[in-house]
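**Q** Read top to bottom, the protein sequences are chains A and B. Quick note: the first sequence uses our numbering, first residue 3, plus one each step. Quick note: the second sequence uses our numbering, first residue 216, plus one each step. For each residue, glycine too, the CB sits at the ideal point set by N, CA and C.
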Amino acid sequence: MERKSPAFNVFIYACAVLLAVVILAPIAWLFVMSISPAADLAAKPLRWWPQSADFSRYQQLLSTAENSAGAAFTASLRNSLEIAGMATLAALLLAIPAGWAVSRTPSIGWSLSMVIATYMLPPVALAVPLYMGLSYLGLLNNVFGLAMVYLTILAPFTTWLMKSGFDAIPREIEAAAMIDGAGLFQTLRIITLPLAAPVVATSALFAVLLAWDEFFYALLFTSDQRAKTLTVAIADLAGGRVSDYGLIATAGVLAALPPVLIGLVMQRALISGLTSGGVKG
Amino acid sequence: MSGTWMTTRAWLLMLPLLVVMVAVIGWPLVDTVGLSFTDAKLVGTAGNFVGIDNYTKMLSSSNFSRTLVTTTWFAVASVAIEMVIGVLAALLLNQEFRGRTFLRALMILPWALPTVVNATLWRLIYNPEYGALNAALTQLHLIDAYRSWLGEPGTALAALIIADCWKNFPLVALIALAALQAVPRDITAASLVDGAGPFARFRFVILPYLAGPLMVALVLRTIEAFKVFDIIWVMTRGGPANSTRTLSILVYQEAFSFQRAGSGASLALIVTLLVTVLALAYAALVKKTAGSAT
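1) So with Cβ pairs under 8 Å, would you call Ile323(B) a contact of chain A?
2) Using the C-alpha atoms, what's the distance from Ser463(B) back to Thr273(B)?
3) If you draw a straight line from the alpha carbon of Met164(A) to that of Val145(A), how long is it in whole angstroms?
4) Write down the C-beta distance between Asn81(A) and Ala229(A) rounded to the nearest angstrom, noting that I regard them as a contact closer than 8 Å.
5) Could you pull the start and end residues of the alpha helix (DSSP H) that Met134(A) belongs to?
6) Just how far apart, CA to CA, sit Ala371(B) and Met236(B)?
7) What does Thr335(B) touch in chain A if you count any residue whose Cβ is under 7 Å from its own?
8) How do the segment 219-236 of chain A and the segment 147-154 of chain A stand: do at least 3 beta-carbon pairs fall below 8 Å, yes or no?
9) For Phe264(B), which residues does DSSP report across the bridge?
10) Under 8 Å between C-beta atoms, does Ile110(A) make it to chain B?
11) What number of angstroms, rounded off, separates the C-alpha of Thr509(B) from the C-alpha of Leu429(B)?
12) Between the segment 328-335 of chain B and the segment 411-426 of chain B, do at least 3 Cβ pairs fall closer than 8 Å?
13) May I have a chain-ordered list of the alpha helix (DSSP H) segments no shorter than 4 residues that lie completely inside the segment 338-422 of chain B?
14) Please classify Tyr467(B): is it buried, with 16 or more other beta-carbons within 10 angstroms of its beta-carbon, or exposed?
15) Taking Cβ positions only, does Thr509(B) come closer than 8 Å to chain A?
16) Consider the Cβ of Phe312(B): report whether some Cβ of chain A lies at a distance smaller than 8 Å.
17) Reducing DSSP to helix, strand and coil, say where Lys282(A) ends up.
18) Is the beta carbon of Pro385(B) closer than 8 Å to that of Arg362(B)?
19) Is DSSP giving Glu68(A) helix, strand or coil here?
20) Along chain A, in chain order, which residues have C-beta atoms closer than 9 Å to that of Trp288(B)?
21) Suppose you measure from the CA of Gly242(A) to the CA of Asp268(B); what does that come to, to the nearest Å?
22) Using the Cα positions of Leu433(B) and Val294(B), report the straight-line distance between them to the nearest angstrom.
23) Assign Glu174(A) to one of two classes, buried (16 or more other C-beta atoms within 10 Å of its C-beta) or exposed (fewer than that).
24) Mind reading off the beta-carbon distance from Trp326(B) to Gly265(A)? Whole number of angstroms is fine, and I expect it under 8 Å.
25) How about Trp102(A) and Leu190(A): are their beta carbons less than 8 Å apart?
26) Distance cutoff 8 Å, beta carbons only. Does Ala463(B) sit that close to anything in chain A?
27) Please compile the residues from chain B whose C-beta is within a distance smaller than 8 Å of the C-beta of Asp215(A).
28) Just tell me which of Ile236(A), Ala209(A), Val19(A), Ala170(A) has its CA closest to the CA of Ser78(A).
29) Does DSSP put Gly265(A) in a helix, a strand or coil?
30) Leaving aside the five residues before and after Ala40(A) along the sequence, list all residues of the same chain whose C-beta is less than 7 Å from its C-beta, in chain order.
31) Checking contacts by CB at 8 Å: is Ala191(A) closer than that to chain B?
32) Using only CA atoms, which one of Ile438(B), Leu227(B), Ala292(B) lies nearest to Pro124(A)?
33) With DSSP collapsed to three states, give me the class of Gly241(B).
34) Go to Pro325(B), then tell me how far its alpha helix (DSSP H) extends in each direction, as first and last residue.
35) What is the DSSP secondary structure of Leu188(B), counted as helix, strand or coil?
36) Note down, in chain order, every chain A residue with its Cβ under 9 Å from the Cβ of Val291(B).
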């Protein structure tokens, strides 16, 4: 190994501290804003640390009292959960068979390449017909309608992840089961899917994160509490005339909590999913 | 089992995905092409055929050229900064020091933060009256008076780029770190024995391993930056004085704010074409890099 001079070590630690501060400072500030009394946030010079922690905004946003700020927020929270859940489930139902088919029959791989190439399409290229179509079907401002639109993003991505996952499962295992007399669907159910369970889980998490994060279609296709998602609710708060910045910060913390927890807990799986894209191309 | 049956079976399993993709992507795309030759409004009449009028009008408008410049500037600056800081962070995280695992875990945070929350967070930080940036810079005596970072055309785009970089450089870092960990130790050790300095080592030993994955990250990030909408909509809505208006914002305004579906569609297709050309050029570059790196 390389021998490191003390000066080099000091340099490394200084850089590490700098990186940690750059990453943590904005996030920490978001949290501090959410628990600072409104007077502290408007003080000049700004008070960086609240004199007393004030968690009342969390209570306010999570309350479901009629016509409160909380009612709008909890409605959007529920919509986001429903839409992300439905879209993820539908995407996996499409992605698992398609991913397996492409993995085992490379000659049809070009069809998946075409599906993945749609990633390049800016959503604005689809937005007008989708708007008219949803309007025709009566699915504007509707959680089903938005979940369906989210398949444009979720389905190609999960199929591609599933395909790489199936590639890692040797087909000899399937062949052996077939020789022992198992039919195709029996083989897939008993042998392949259990082996692919971790990939299914990773794909599902990615899909949930993508749906949770989506803003453009939600902004266009939803208009009130029946379907508005969290991202739209937060943008409304940030762009509206809310005088208490702490309330906006609190909404941000609550919306960020699920994906950040998923990110931290599933760190290893997510990174390998992300980088397999980068490394394998 | 015969080959044709295998292929037929594969197509049958692909079918549900393909049907859905045609319904939610294929048909809308074709319909956008059709709309782009009409003067259709978003609601109401179907509109009349107007030939390539929408395209010529859009391409010759000063709005379009200005927006194209803004978008390119945003994409080039944010992606370049993300790549440089990302690689530097990855080189750091690849060193041995105490707290390294913790720091690696932190990198996932900005990536996991929803884009809209990130935009809102930075909007609060840049707030002209109560923002943390103004407070910090004043308390450090770097500026005399509070400034409206997002309210002035001179600083708004730069402020957006910083916010975008903060969220996205960790992804580049994580991809680069994974590639760095694939560099065999005996190769770096051998280069040390051969007397390679740190820069020569980075250039000739480490960079070849990084090139492929970084090119892919570069492609994906550039395409995303070119399509950018969320962060800009939440932070500035394209303002002030349209100084942060990108192509996607322009399409949104044309098609949805002004309800001109026809010209909005033509503009959307122009953007699609630009992104496609960009992606194809990059794909050729990736192939070349991958060929020379291995």
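**A** Let me lay it out:
1) For Ile323(B), the answer is yes, since a Cβ of chain A falls inside 8 Å of its Cβ.
2) Position check: residue 273(B) holds Met in this sequence, whereas Thr was assumed. A straight line joining the alpha-carbon of Met273(B) with that of Ser463(B) spans about 14 Å.
3) Met164(A) and Val145(A) have their C-alpha atoms roughly 26 Å apart.
4) With a Cβ gap of about 6 Å, Asn81(A) and Ala229(A) count as contacting.
5) DSSP places Met134(A) inside the alpha helix (DSSP H), whose first and last residues are 126-139.
6) Distance between the alpha carbons of Ala371(B) and Met236(B): 38 Å.
7) Here the neighbours are Ile236, Ala240, Ile250, Gly254.
8) With a cut-off of 8 Å, the segment 147-154 of chain A and the segment 219-236 of chain A count as touching, because enough Cβ pairs lie within range.
9) For Phe264(B), which the question treats as bridged, DSSP gives the partners Thr253(B).
10) Using a Cβ-Cβ cut-off of 8 Å, Ile110(A) counts as an interface residue toward chain B, since at least one Cβ of chain B sits closer than that to its own.
11) With a pLDDT of only 45 at Thr509(B), under 50, the local geometry of the prediction cannot be trusted, and no value is derived from it.
12) Because the criterion of three Cβ pairs below 8 Å is not met, the segment 328-335 of chain B and the segment 411-426 of chain B do not touch.
13) Counting whole runs of 4 or more residues, the segment 338-422 of chain B contains the alpha helix (DSSP H) stretches 347-354, 368-395, 400-408.
14) So Tyr467(B) ends up on the buried side.
15) With a pLDDT of 45 at Thr509(B), under the threshold of 50, the predicted position of this residue should be treated as unreliable, though the coordinate-derived value follows. Interface with chain A (8 Å Cβ-Cβ cutoff): Thr509(B) is excluded.
16) Answer yes: the Cβ-Cβ gap between Phe312(B) and chain A drops below 8 Å somewhere.
17) Model confidence at Lys282(A) stands at a pLDDT of 42, short of 50, so the residue's coordinates are unreliable; what they give is reported in the following sentence. The three-state reading of DSSP puts Lys282(A) in helix, counting H, G and I together.
18) Using a Cβ distance threshold of 8 Å, Arg362(B) and Pro385(B) do not count as a contacting pair.
19) In this structure, DSSP gives Glu68(A) a state outside helix and strand, which the three-state scheme calls coil.
20) Using a Cβ-Cβ cut-off of 9 Å, Trp288(B) is close to nothing in chain A; its nearest Cβ partner there is about 18 Å away.
21) Gly242(A) and Asp268(B): Cα-Cα distance of roughly 38 Å.
22) Distance between the alpha carbons of Leu433(B) and Val294(B): 7 Å.
23) Exposed, because fewer than 16 other Cβ atoms sit within 10 Å of the Cβ of Glu174(A).
24) Their Cβ separation, rounded to whole angstroms, is 7 Å, which keeps Trp326(B) and Gly265(A) in contact under 8 Å.
25) Cβ distance < 8 Å, so Trp102(A) and Leu190(A) count as in contact.
26) Here residue 463(B) turns out to be Ser, not Ala, going by the sequence shown. Yes, Ser463(B) lies at the interface with chain A (some Cβ there is under 8 Å from its Cβ).
27) Pro329, Thr330, Val331, listed in chain order.
28) Distance check between Ser78(A) and each of Ile236(A), Ala209(A), Val19(A), Ala170(A) places Ile236(A) closest, using alpha-carbon atoms only.
29) In this structure, Gly265(A) counts as helix in the three-state DSSP scheme.
30) Taken in chain order, the residues that qualify are Asp246, Gly248.
31) The amino acid occupying residue 191(A) in the given sequence is Arg; Ala does not appear at that position. Contact of Arg191(A) with chain B is not assigned, every C-beta pair being separated by 8 Å or more.
32) Of Ile438(B), Leu227(B), Ala292(B), the smallest CA-CA separation from Pro124(A) is found for Ile438(B).
33) In the three-state reduction of the DSSP assignment, Gly241(B) falls in the helix class.
34) Where Pro325(B) is concerned, the enclosing alpha helix (DSSP H) stretches over 323-327.
35) The first residue shown for chain B is 216 and the last is 509, placing residue 188(B) beyond what the model contains.
36) Listed along chain A, no residue sits closer than 9 Å to Val291(B) by beta-carbon distance, the nearest being about 18 Å off.
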